[in-house]
Amino acid sequence: MTAFGKLIRTTAFRLTLVYLFLFALFAASLLGYFAWNTRRLITEQITSTVNAETGELSDIFGRRGLRGLVFNIENRALRPGANLYLVTTPAGQAIAGNVGSLAPGVMGSLGWSETAYRRLDDQDNADHRALVRVTELTSGFRLLIGRDLDERRRLFGIVAKAAQWSLLIVIVLGLGGGIFVARRVLRRIDAMTGTTQRIMAGDLSGRLPVGRSGDELDRLAENLNAMLERIEALMIGLKEVSDNIAHDLKTPLTRLRNRAEEALAKSSNEAEYRSALERTIEESDGLIRTFNALLMIARAESGQARDNMDNFDAADVANGIHELYEPLAEDNGMTLQVKTAPAPLHGNRELISQALANLVENAIKYGKPVAAAQPLGADAVVSAKEILIEARRDGDQVLLSVTDHGPGIPEADRGHAVERFVRLEASRTLPGSGLGLSLASAVATLHNGDLRLGDANPGLRATLAIPARVAAGTRVAAQTQDVPQKVA
Amino acid sequence: MHDDAARAMVTEGWPHLSATDPHMRLLIIEDDRESADYLVKAFREVGYVADLASDGEEGLTLAESGDYDVLVIDRMLPKRDGLSLIGTLREKGDRTPALILSALGQVDDRIKGLRAGGDDYLPKPYSFAELLARVEVLSRRHGGPAEETTYRVGDLELDRLSHRVARGKDELTLQPREFRLLEYLMKHAGQVVTRTMLLENVWDYHFDPQTNVIDVHISRLRSKIDKGFERPLLHTIRGAGYMIRDGIR
Numbered sequence: 066m067t068a069f070g071k072l073i074r075t076t077a078f079r080l081t082l083v084y085l086f087l088f089a090l091f092a093a094s095l096l097g098y099f100a101w102n103t104r105r106l107i108t109e110q111i112t113s114t115v116n117a118e119t120g121e122l123s124d125i126f127g128r129r130g131l132r133g134l135v136f137n138i139e140n141r142a143l144r145p146g147a148n149l150y151l152v153t154t155p156a157g158q159a160i161a162g163n164v165g166s167l168a169p170g171v172m173g174s175l176g177w178s179e180t181a182y183r184r185l186d187d188q189d190n191a192d193h194r195a196l197v198r199v200t201e202l203t204s205g206f207r208l209l210i211g212r213d214l215d216e217r218r219r220l221f222g223i224v225a226k227a228a229q230w231s232l233l234i235v236i237v238l239g240l241g242g243g244i245f246v247a248r249r250v251l252r253r254i255d256a257m258t259g260t261t262q263r264i265m266a267g268d269l270s271g272r273l274p275v276g277r278s279g280d281e282l283d284r285l286a287e288n289l290n291a292m293l294e295r296i297e298a299l300m301i302g303l304k305e306v307s308d309n310i311a312h313d314l315k316t317p318l319t320r321l322r323n324r325a326e327e328a329l330a331k332s333s334n335e336a337e338y339r340s341a342l343e344r345t346i347e348e349s350d351g352l353i354r355t356f357n358a359l360l361m362i363a364r365a366e367s368g369q370a371r372d373n374m375d376n377f378d379a380a381d382v383a384n385g386i387h388e389l390y391e392p393l394a395e396d397n398g399m400t401l402q403v404k405t406a407p408a409p410l411h412g413n414r415e416l417i418s419q420a421l422a423n424l425v426e427n428a429i430k431y432g433k434p435v436a437a438a439q440p441l442g443a444d445a446v447v448s449a450k451e452i453l454i455e456a457r458r459d460g461d462q463v464l465l466s467v468t469d470h471g472p473g474i475p476e477a478d479r480g481h482a483v484e485r486f487v488r489l490e491a492s493r494t495l496p497g498s499g500l501g502l503s504l505a506s507a508v509a510t511l512h513n514g515d516l517r518l519g520d521a522n523p524g525l526r527a528t529l530a531i532p533a534r535v536a537a538g539t540r541v542a543a544q545t546q547d548v549p550q551k552v553a
Numbered sequence: 000m001h002d003d004a005a006r007a008m009v010t011e012g013w014p015h016l017s018a019t020d021p022h023m024r025l026l027i028i029e030d031d032r033e034s035a036d037y038l039v040k041a042f043r044e045v046g047y048v049a050d051l052a053s054d055g056e057e058g059l060t061l062a063e064s065g066d067y068d069v070l071v072i073d074r075m076l077p078k079r080d081g082l083s084l085i086g087t088l089r090e091k092g093d094r095t096p097a098l099i100l101s102a103l104g105q106v107d108d109r110i111k112g113l114r115a116g117g118d119d120y121l122p123k124p125y126s127f128a129e130l131l132a133r134v135e136v137l138s139r140r141h142g143g144p145a146e147e148t149t150y151r152v153g154d155l156e157l158d159r160l161s162h163r164v165a166r167g168k169d170e171l172t173l174q175p176r177e178f179r180l181l182e183y184l185m186k187h188a189g190q191v192v193t194r195t196m197l198l199e200n201v202w203d204y205h206f207d208p209q210t211n212v213i214d215v216h217i218s219r220l221r222s223k224i225d226k227g228f229e230r231p232l233l234h235t236i237r238g239a240g241y242m243i244r245d246g247i248r
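Residue numbers (the working numbering), protein chains in the order written: chain A, 66 to 553; chain B, 0 to 248.
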């Protein structure tokens, strides 16, 4: 497409053409209306002057006879800018007035007519036009009174010329403006297109240029940039996931394969085969669990789970999870307590339950008090073995927290702990996929909240802070800046 | 004689699994040849009649003509997908229990599957023990006990209305959740119930916990109903789950 073709195809240019047409139409009809009205006004003026004079002169003729009329007419004809006068005998002979010649037949018909004429004193040979009225005086004499129409014609000419010029100006300015605007828009759109093409070619770090005017295109560019930011974050997250899958799933897969190989090579009886196979199944179940957790995180982070949200109370979730895990905690030599206050939420109940379950499982696994750090009485030891689930509302947020009194996580490690597959040194020997905290964090992010890791002195307090339900359906829009920090 | 041979195969192939109803008829609708063959073979080894359809249209025709107790339907099928197949059956008033197998294991997909008329949903990859347990529970041949107000297994008795549980002459005190756990197990007495089934049906959670949280609940329940009694009723089925039944069948 040529540059000009592109230009005239722009919306801005097409709009300009439409407006141009409308303005021209408007200007033309305005001028037309003006001209027509003026013409009417002039004609009316002429008619009333002529009528008045006809009345006056008929009156003079009636009172002072033909001589008086002739005298009066000669007088009037001498005035500057005089009207046209002509008096004829019954035989049609002109006896007074300033009209030299008329179109034939004008004097023959009474009443108004428009005619070509020449004045007696005209030097040029040009015809003029006039509006005249012929009346019959008594005894066959006829009187013609009229007025030249040049004035009217001149006025019409002026209007026509004005119309021509204004149309020309409107068209030139309009087209010029249209092209200017269209080219400006086109330049910016071209810049955007260039960037998007670069992005599509794979350079995800590209961003659209944003001007300073804050106009609609800038706002569009800003929004598109925010979108690109999100896409880039998701892509990085995806890449990270696949890297992690490659790295962390390969290890157990290798282990699995080695065991199977070993069993095949060395097992001599059925019992050995059986136990090798059982271990293989166990290992693959673990793999499936890890895989499911990864998918869940990816799905929570991509925001897909937003479809499945409803209203519920986080206190119920806390009580439910407490009920589920209380025996497990006891079996592990700890006590699980719950403290709840109403905490209305709008979200995915299943995911929030799972996030809380992960935090509780972590607390049970890693929250055992460090023996050396507890040089206290028996009471303190008992409370140190307590894990507390709390649900409450704090301002416009719902806080779901799990507090243990184990070794906690050093402040420097907290950001790191949320990352996928990270298992801090202390936990290396315990079973688990290392995905619990990252899933909890992804769930918080999905609900526009965050996962906070704090100090319980000693111990860890993990808190899911999620915006509380305000009123039905008011908090639907996803924030654009809720890109998880850990994927950056 | 033939039956005995099948039995022998059962105990050989799936030592911990055995058919709770040797006359159950299954239709498996699955397009992946290998997994389909595996399923058919495994179900037959356990002692069930299993037919196979390899696409949605064939599956629909078979499901409509055959008298099946359970349909096992892959979600993504050629010609007609699993959900639409179930939808069509349900529109025609066919209420044969259907279990959906799907590679999409997420909660939303499960809900979609159940809304379309499925009765259960099992994400791939699954263990055969899990599938078998679910199919047996689904089978309409076991629809009976649901309406009973009292469940009995051996000398264990559970009254669903008064929430009373007794073993022999001893009255047992159970926590509400223990009661529901036992109720579910007894409703499916003689059938294997897996950990995920318990988590789904007793607690209504659909995630898999990374810990043995269900086992702990079971061992508590066991200590209440079996401890001090000569004959245990609550059995652990290795590699599958749990089953409540009177020791000798």
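By construction, the Cβ of each residue, glycine as well, lies at the ideal position given by its N, Cα and C atoms.
- If you look at Val164 (chain B), you'll find it in the beta strand (DSSP E) that goes 163-166.
- Between the segment 234-252 of chain A and the segment 128-137 of chain A there are fewer than three C-beta pairs closer than 8 Å, too few to call the two in contact.
- Interface criterion not met: the Cβ of Tyr183 (chain B) is under 8 Å from no Cβ in chain A.
- Bridge pairing for Met242 (chain B): B:His234 [DSSP].
- The CB of Tyr431 (chain A) never comes closer than 9 Å to any CB in chain B; the least such distance is about 12 Å.
- Counting every other CB atom within 10 Å of its CB across the protein chains shown gives Ile213 (chain B) a total of 16 or more, marking it as buried.
- Each of A:Leu202, A:Thr203, A:Ser204, A:Tyr150 was checked against the Cα of Tyr182 (chain A), and the nearest Cα belongs to A:Tyr150.
- In its chain, beyond the 5 residues on either side, Leu121, Thr193, Thr195 have a beta carbon closer than 7 Å to the beta carbon of Glu129 (chain B).
- Less than 8 Å separates the beta-carbon of Val115 (chain A) from that of Ile210 (chain A).
- Cβ neighbours of Ala379 (chain A) within its own chain (closer than 6 Å, five residues either side excluded): Ala408, Leu410, Ala456, Val463, Leu465.
- Boundaries for Asp66 (chain B): no alpha helix (DSSP H) harbours it, and the DSSP string shows neither H nor E there.
- For the pair of segments examined, the segment 220-231 of chain A was found not to touch the segment 161-178 of chain A: the number of CB pairs separated by less than 8 Å stays below three.
- Per DSSP, the beta bridge partners of Val199 (chain A) are A:Gly176, A:Leu209.
- Per the coordinates, the alpha-carbon of Leu137 (chain B) lies some 13 Å from the alpha-carbon of Leu113 (chain B).
- Secondary structure note for Thr108 (chain A): its alpha helix (DSSP H) is the uninterrupted segment 76-143.
- Bridge partners of Leu410 (chain A) according to DSSP: A:Phe377.
- For Ala420 (chain A), the number of other beta carbons within 10 angstroms of its own is at least 16, and it is reported as buried.
- The Cβ-Cβ distance between Ala527 (chain A) and Leu516 (chain A) falls below 8 Å.
- Contact annotation for Asp396 (chain A) against chain B: Val215 [CB-CB distance below 7 Å, chain order].
- In this structure, B:Ile110 is the residue among B:Ile110, B:Ser126, B:Phe127 with its C-alpha nearest to the C-alpha of Asp119 (chain B).
- At a cut-off of 8 Å between beta carbons, Ser418 (chain A) contacts chain B.
- For Pro317 (chain A), the nearest beta carbon of chain B is not closer than 8 Å to its own beta carbon.
- Cβ-Cβ distances below 7 Å link Glu118 (chain A) to Asn148, Ile210 in the same chain, with the five nearest sequence neighbours on each side left out; the list follows chain order.
- In the structure shown, Gln419 (chain A) adopts helical secondary structure according to DSSP, grouped into three states.
- When secondary structure is reduced to three states using DSSP, Lys315 (chain A) falls in the helix class.
- Within chain A, Asn373 have C-beta atoms less than 9 Å from the C-beta of Ile110 (chain B), given in sequence order.
- For Tyr120 (chain B), the enclosing beta strand (DSSP E) has its first and last residue at 119-122.
- In the DSSP assignment, Gly227 (chain B) falls outside any alpha helix (DSSP H) and carries neither an H nor an E.
- The C-beta of Glu135 (chain B) has 16 or more other C-beta atoms within 10 Å across all chains shown, which makes the residue buried.
- No Cβ of chain B is located within less than 8 Å of the beta carbon of Tyr338 (chain A).
- Under the 8 Å criterion on CB atoms, Leu464 (chain A) is classed as non-interfacial with respect to chain B.
- Nearest CB-CB separation between Glu426 (chain A) and chain B: below the 8 Å threshold.
- For Glu388 (chain A), the C-beta contacts it makes with chain B under 7 Å involve Arg176, in order along the chain.
- Going by C-alpha positions, Gly120 (chain A) is about 20 Å away from Glu179 (chain A).
- Contact between the segment 59-79 of chain B and the segment 24-31 of chain B is present, with at least three C-beta pairs closer than 8 Å.
- One Cα belongs to Trp230 (chain A), the other to Met265 (chain A), and the distance between them is close to 51 Å.
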